[in-house]
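> So the sequences go chain by chain: B and V.
Per our numbering, residue 1 is the first one in the first sequence, and the count goes up by one each step.
Per our numbering, residue 1 is the first one in the second sequence, and the count goes up by one each step.
We put the CB at the ideal spot given by N, CA and C, even for glycine.
Note that the structure is predicted; figures quoted are calculated from it, not measured.
For reference, the structure I am asking about is given below.
2 protein chains.
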Amino acid sequence: MYFDGNAASSADMRYFNWVVLFVQVLGVVSVVITAVWMGHFRGGFAWQSDPSHEFNYHPLFMIIGMVFLYADAILAYRVFRNDRKIFIKVLHACMHISALIFAAVGLKAVFDSHNLNPKGPIPNLYSLHSWLGLFVVVCFGLQWLLGFISFLWPKLGMRARTLYMPYHTFWGVVLLILATATALMGITEKAIFHKDEIGYTSFSSEAILINCLGVILVSFTGLVIYLVTKPEYKRQPAPEEDHVPLDN
Amino acid sequence: MYFDGNAASSADMRYFNWVVLFVQVLGVVSVVITAVWMGHFRGGFAWQSDPSHEFNYHPLFMIIGMVFLYADAILAYRVFRNDRKIFIKVLHACMHISALIFAAVGLKAVFDSHNLNPKGPIPNLYSLHSWLGLFVVVCFGLQWLLGFISFLWPKLGMRARTLYMPYHTFWGVVLLILATATALMGITEKAIFHKDEIGYTSFSSEAILINCLGVILVSFTGLVIYLVTKPEYKRQPAPEEDHVPLDN
């Protein structure tokens, strides 16, 4: 269904589609670079039979889930601005649950790679990266649950939804930023752990690839935050819609 | 000068002062923890005669400048909401230039510690931390210069200032987040470089201190972003003020 009257003016919306397209390219490139880094430079992927290569699923799945899918789920409201709200809500919830599944498998991969290490288990959850990462994933899961209960089923009353909405959107953006910061710390950990092997201090091609991944992740999340916070790009509600204001 | 009529309503402003106070405590604690980490656990401070201890000024000065002073300079508009605007502007500019001076000395310390290393020079600017960090400091300097020219002296016309203002505030927040993310990466680098010495994987007291520093920095910046983006906390212009709207 297309609500012509609700589309933002074309002057406001100029550049929007181009920036969205560019963001998608950055997102896909970050996933491809991570796959190349882990698949080519770090020896490829395996499951529990080979724990050190099982680790390699961790960065890939966390970036697919907690950065790319997560960010695109937030963007959905502004990209599908002319569709029925229930369609966007369901899409938003489905993309977030997919993100959570990728994150869960990504976490399983890193815990396995520590616990099943042939030279004896490596301790878990000692680094700042792991502390922040776990915090982000747990809050993300809670936020999904609260969002589902509040806005989809059983769906709270208008007053409760209006009260919760600014927190839902604020925490959504905060956790996306934290997820990206956690990814940057994870990349740094991996790069420093293997710095001699990588040739990290001598600007080897793997070193450049690693740093480019970080720069692309920052650009990706920065542009997504820009797109989802710029007031001119806000989706306008259809007149007959059951509307919860985004900021109260 | 006190503009009673411009103060936000007390209902809107509840908690504001308490959160500001709490943020200041977090900021001071993060600086103290960094000083204890570098001063006590990493062997204390020195200048060029002892490059490896000269490094220890780097985390301390970057956190004082690029996180604590920077964030407080942004907060100034909302904290000194009832003062004359020119006073807040000058304070904002002075705090930012102090931040830049701390950052410059902090950068000198890390370059010296690489270049003057007794075992031969360590390469500069190879890590993702250094790439992002340099980007942040350069953009921060440019942002200061553009802000000074636009809003203080020679001061641009109303139209130009109105056009620039949303970019000034958006980039101010983005660079603060990036500065904090860069700090987290720097902390991660240092922790992994010295992980055996620190006992990082065995939850030594230094390891806990390091991770707490990261958690406090994230809380500090998160709360500052909350305070400076929440619409209810926005400073209202005095009626006779030459006012540039914050969002257009």
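Under a Cβ-count criterion, where at least 16 other Cβ atoms within 10 Å of its own Cβ denotes burial, should LEU38 of chain B be classed as buried or exposed?
Here residue 38 of chain B turns out to be Met, not Leu, going by the sequence shown. Flag for MET38 of chain B reads buried.
> In whole angstroms, give me the CA-to-CA distance for CYS94 of chain B and TRP153 of chain B.
Looking at the two C-alpha atoms, the distance is approximately 14 Å.
> With DSSP collapsed to three states, give me the class of ILE122 of chain V.
ILE122 of chain V: coil per DSSP, three-state reduction.
> Could you list which residues in chain B have their beta carbon closer than 8 Å to that of ILE149 of chain V, in chain order?
Chain B residues near ILE149 of chain V: none, gap ~24 Å exceeds 8 Å.
> Rounded to whole angstroms, what is the Cα-Cα separation between ASN6 of chain V and ILE177 of chain B?
Low confidence applies to ASN6 of chain V: its pLDDT is 43, below 50, so where it sits in the model is not reliable, and the reading given next is rough at best. Distance between the alpha carbons of ASN6 of chain V and ILE177 of chain B is about 34 Å.
> In chain B, what lies closer than 9 Å to ALA71 of chain V by C-beta?
Those do not exist, as ALA71 of chain V stays about 15 Å from chain B at its closest Cβ, beyond 9 Å.
> Would you call GLY224 of chain V buried or exposed, if buried means 16 or more other Cβ atoms sit within 10 Å of its Cβ?
The sequence as given places Val at residue 224 of chain V; Gly does not occur at that position. Buried is the call here.
> Does the stretch 124 to 131 of chain B come close enough to the stretch 66 to 82 of chain B to have 3 or more Cβ pairs within less than 8 Å?
No, the stretch 124 to 131 of chain B does not touch the stretch 66 to 82 of chain B.
> Could you give the C-beta distance for LEU227 of chain V and VAL23 of chain V, rounded to a whole number, given that I count them as a contact under 8 Å?
Yes, LEU227 of chain V and VAL23 of chain V are in contact; Cβ-Cβ is about 7 Å, under 8 Å.
> Name the chain C residues that come within less than 7 Å of PHE203 of chain V, Cβ to Cβ?
The structure shown contains no chain C; its protein chains are B and V.
> Can you tell me whether SER150 of chain B is buried or exposed? The criterion is at least 16 other CB atoms within 10 Å of its CB, across all chains shown.
It is buried - the Cβ of SER150 of chain B has at least 16 other Cβ atoms within 10 Å.
> So ALA99 of chain V packs on MET66 of chain V, CB below 8 Å; how close in whole Å?
Yes, they are in contact, since the Cβ atoms of ALA99 of chain V and MET66 of chain V sit about 6 Å apart, within 8 Å.
> I need the straight-line Cα distance from ARG235 of chain V to GLY147 of chain B, nearest angstrom please.
The alpha-carbon atoms of ARG235 of chain V and GLY147 of chain B are separated by roughly 31 Å.
> To the nearest angstrom, how far is the alpha carbon of ASN211 of chain B from that of PHE111 of chain V?
Looking at the two C-alpha atoms, the distance is approximately 19 Å.
> Check the Cβ-Cβ distances between MET158 of chain B and every residue of chain V, and say whether any is below 8 Å.
With 8 Å as the cut-off, MET158 of chain B does not count as an interface residue toward chain V.
> Taking the alpha-carbon positions, what's the PHE16 of chain V to PRO59 of chain V distance?
Distance between the alpha carbons of PHE16 of chain V and PRO59 of chain V: 30 Å.
> Distance cutoff 8 Å, beta carbons only. Does TRP37 of chain V sit that close to anything in chain B?
With 8 Å as the cut-off, TRP37 of chain V does not count as an interface residue toward chain B.
> With 16 other CB atoms within 10 Å as the buried threshold, where does VAL25 of chain V fall?
That one is exposed.
> Please work out which residues of its chain come closer than 6 Å, Cβ to Cβ, to PRO237 of chain V, disregarding the five sequence neighbours upstream and downstream, and give them in chain order.
Contacts found: HIS243.
> Does LEU145 of chain B come out as helix, strand or coil in the three-state DSSP assignment?
Correct three-state label for LEU145 of chain B: helix.
> What in chain V is Cβ-close to THR34 of chain B, meaning under 8 Å?
In chain order: nothing, as chain V lies at least about 14 Å away.
> Answer yes or no: do PHE68 of chain B and GLY106 of chain B have a C-beta to C-beta separation smaller than 8 Å?
No, the pair does not count as a contact, with Cβ atoms beyond the cut-off.
> Roughly how many angstroms lie between the CA atoms of VAL90 of chain B and TRP144 of chain B, to the nearest whole one?
Whole-angstrom Cα-Cα distance: 12 Å.
> To the nearest angstrom, how far is the alpha carbon of THR201 of chain V from that of THR182 of chain V?
Roughly 22 Å separates the two Cα atoms.
> Check for me: the alpha helix (DSSP H) holding GLY106 of chain B runs from which residue to which?
Counting along the chain, the alpha helix (DSSP H) containing GLY106 of chain B begins and ends at 85 to 115.
> Quick one: which unbroken alpha helix (DSSP H) runs of 4-plus residues sit fully inside the stretch 6 to 40 of chain B? Chain order, please.
Runs of the alpha helix (DSSP H) inside the stretch 6 to 40 of chain B: 10 to 13, 16 to 36.
> How would you call MET1 of chain B, buried or exposed, if buried means at least 16 neighbouring beta carbons within 10 angstroms?
Low local confidence applies: a pLDDT of 29 at MET1 of chain B is under 50, so the model's placement there is unreliable, with the coordinate-based value given in what follows. The residue is exposed, with fewer than 16 neighbouring Cβ atoms inside 10 Å.
> Can you have a look at HIS92 of chain B and say buried or exposed, based on whether 16 or more other CB atoms are within 10 angstroms of its CB?
When all chains shown are included, HIS92 of chain B counts as buried.
> Taking 6 Å as the limit between beta carbons, can you name the residues of its chain near ASP4 of chain B, skipping five residues before and five after?
Note that ASP4 of chain B has pLDDT 38, beneath the 50 cutoff, so the model's placement of it is unreliable and the number below is only indicative. Cβ within range, chain order: n/a, list empty.
> Please report the straight-line C-alpha distance between GLN48 of chain V and GLY141 of chain V, rounded to a whole angstrom.
Cα to Cα, the separation comes out at about 26 Å.
> How would you list, in chain order, the residues of chain V whose beta-carbon sits under 9 Å from the beta-carbon of TYR200 of chain B?
The answer, in chain order, is TYR126, SER127.
> Hey, MET158 of chain V and PRO245 of chain V are a contact pair by Cβ (cut 8 Å); roughly how many whole angstroms apart?
Wrong, their Cβ atoms sit about 10 Å apart, outside the cutoff.
> Does the Cβ of HIS96 of chain V have 16 or more other Cβ atoms within 10 Å, making it buried, or fewer, making it exposed?
By the neighbour-count rule (16 or more Cβ atoms within 10 Å), HIS96 of chain V is buried.
> Does the beta carbon of ILE265 of chain B sit closer than 8 Å to a beta carbon anywhere in chain V?
It is not possible to answer for residue 265 of chain B, since the shown part of chain B is limited to 1 through 248.
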